[in-house]
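Residue numbers for the sequence shown, in the working numbering: 21 to 261.
Just so it is clear, CB atoms sit at the ideal spot from N, CA and C, and this is done for glycine as well.
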Amino acid sequence: MGKGVRVISVINRKGGCGKSTLVRGLASAAVARGERVTVFDTDSSQGIYGWMKVAVRLGNWSDQAEVIHTYDPAEITARLDAIYAEPPHDHLVLIDTFGGASEALDDVVTQSHLIVAPIRPGRNDYTETMETLVWHERLKGRVSDPGDVPEYRIVVNGITPDPSATEREAIVHILETMPTIEEPILERKAYKQTDGEGLLGAIRDKTRKGIIQNHLTNALEEMNAVLDLLDGAIAGRMEAV
Ligand SMILES: Nc1ncnc2c1ncn2[C@@H]1O[C@H](COP(=O)(O)OP(=O)(O)O)[C@@H](O)[C@H]1O
Ligand SMILES: [Mg+2]
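Here it is in structure tokens:
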């Protein structure tokens, strides 16, 4: 059975924790699976929208994927309605945010199946990520049915091959206190490359150098594993309803 339409909001008040990196990676993984992808870029810096432009110019984009820059929850709703009205198909919808978890995001969030926040251990991300979790708890009090509020997952991002003692401590603390998924995202040059060039699979397929190809493949597989876990969380929730 197909996975259908899944809407994931990437939210963390902390800047630079890897929200847009996660969005680029998940979009790449879904395209590589043959799914359609729609990204709503709600960040005024238009990071993802600009990424798509560059990728198109370099020939590293896919006609399965689309990026829409908007701040307007009503536009997101209208576009989601249009997607749901299509014949059933696998479609990953990602909402990249500027951070600032505030009431302004309520309408966007309640339309998603899952909220995800990357966190970089040992970089003072903890407090702001906690605040984002508190915002998520409070959101349940603001909506008429708390069951409408999607679950929240944390993805540990930027793990280096040889983490410092501080980083290791931070990782343990995150795992003990936050709803973290099992697969971390490593610090990889491939993610910087995606940032400047386009979809992971598209870049990989054009690369002649075997070693770089391997790096890009590893990054794609990592994001594929993360997407599987997020999809698992969404599916588990749907079954419970
Ligand atoms: N896992 C990673 N490996 C390598 N670079 C990363 C990783 N995660 C984030 N970065 C880099 O860190 C910077 C900030 O990440 P970004 O995704 O833009 O954060 P946010 O969208 O949360 O502000 C970018 O330059 C990005 O390329
Ligand atoms: Mg960003």
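CB-CB length for Ile231 against Arg26, believed under 8 Å:
For the purposes of this step, residue 231 is taken as residue 211 along the sequence shown, with counting starting at 1. For the purposes of this step, residue 26 is taken as residue 6 along the sequence shown, with counting starting at 1. Going by Cβ atoms, the distance from Ile231 to Arg26 rounds to 34 Å, so no, they are not a contact pair.
Comparing C-alpha positions only, which one of Gly24, Ile28, Arg33 and Gly22 sits nearest to Leu153?
Here the question's residue 153 lines up with position 133 in the sequence shown. Measuring from the Cα of Leu153, the nearest candidate turns out to be Arg33.
With which residues is Tyr80 paired in a DSSP beta bridge?
In the sequence shown, the residue the question calls residue 80 occupies position 60. The identity of residue 80 in the sequence shown is Asn, whereas the question assumes Tyr. Partner(s): none; Asn80 has no beta bridge.
Beta bridge counterpart(s) of Ile135 as assigned by DSSP:
Here residue 135 corresponds to residue number 115 of the sequence shown, with the count starting at 1. Bridge partners of Ile135 according to DSSP: Ser29 and Tyr172.
Closest by CA to Gly340, which one among Cys37, Val246 and Pro108?
Past the edges of the chain, shown from 21 to 261, lies residue 340, and the structure says nothing about it.
Could you please give the first and the last residue of the uninterrupted alpha helix (DSSP H) stretch that includes Asp145?
Taking the sequence shown and counting its residues from 1, the one referred to as residue 145 is at position 125. Counting along the chain, the alpha helix (DSSP H) containing Asp145 begins and ends at Asp145 to Arg162.
If I'm right that Val51 touches Val30 with Cβ under 8 Å, what's the distance once you round it to whole angstroms?
By 1-based counting over the sequence shown, the position of residue 51 is 31. By 1-based counting over the sequence shown, the position of residue 30 is 10. At roughly 17 Å, the Cβ-Cβ gap does not stay under 8 Å, so Val51 and Val30 are not in contact.
Start and end of the beta strand (DSSP E) containing Arg188?
As a first step, residue 188 is located in the sequence shown; it is residue number 168 there, counting from the start. Per DSSP, Arg188 is not a residue of any beta strand (DSSP E); the alpha helix (DSSP H) it occupies stretches across Ala185 to Thr197.
With DSSP as the reference, label Leu219 as helix, strand or coil.
In the sequence shown, residue 219 corresponds to position 199, counting from 1. Three-state DSSP puts Leu219 in coil, outside helix and strand.
Taking only three categories from DSSP, how would you classify Ile201?
By one-based count along the sequence shown, residue 201 stands at place 181. Ile201 sits in coil when the DSSP states are folded into three classes, being neither helix nor strand.
Are the Cβ atoms of Asp168 and Thr130 separated by less than 9 Å?
Indexing the sequence shown from 1 puts residue 168 at position 148. Indexing the sequence shown from 1 puts residue 130 at position 110. Yes, these two residues count as a Cβ contact at 9 Å.
Under a three-way DSSP split, which group does Asp248 fall into?
Against the sequence shown, residue 248 aligns to sequence position 228. Helix at Asp248.
Within the continuous beta strand (DSSP E) that includes Arg56, where are the two ends?
Within the sequence shown, the letter at position 36 stands for residue 56. For Arg56, the enclosing beta strand (DSSP E) covers residues Arg56 to Asp61.
Nonlocal neighbours in the same chain, by C-beta distance under 6 Å from Glu148, ignoring five residues either side
The residue labelled residue 148 in the question sits at position 128 within the sequence shown. Counting only Cβ-Cβ distances below 6 Å, and skipping sequence neighbours, we find Arg33 and Lys34.
Can you check which of these residues, Gly67, Thr237, Leu134 and Phe118, is closest to Leu250 by C-alpha distance?
Along the sequence shown, read from residue 1 onward, the residue named residue 250 stands at position 230. When Gly67, Thr237, Leu134 and Phe118 are compared, the shortest CA-CA separation from Leu250 is found for Leu134.
Nearest-angstrom Cβ-Cβ length linking Phe60 and Ile28, presumed shorter than 8 Å
Residue numbering aside, residue 60 sits at position 40 when the sequence shown is read from its first letter. Residue numbering aside, residue 28 sits at position 8 when the sequence shown is read from its first letter. With 8 Å as the limit, Phe60 and Ile28 do not qualify as a contact, their Cβ atoms being about 11 Å apart.
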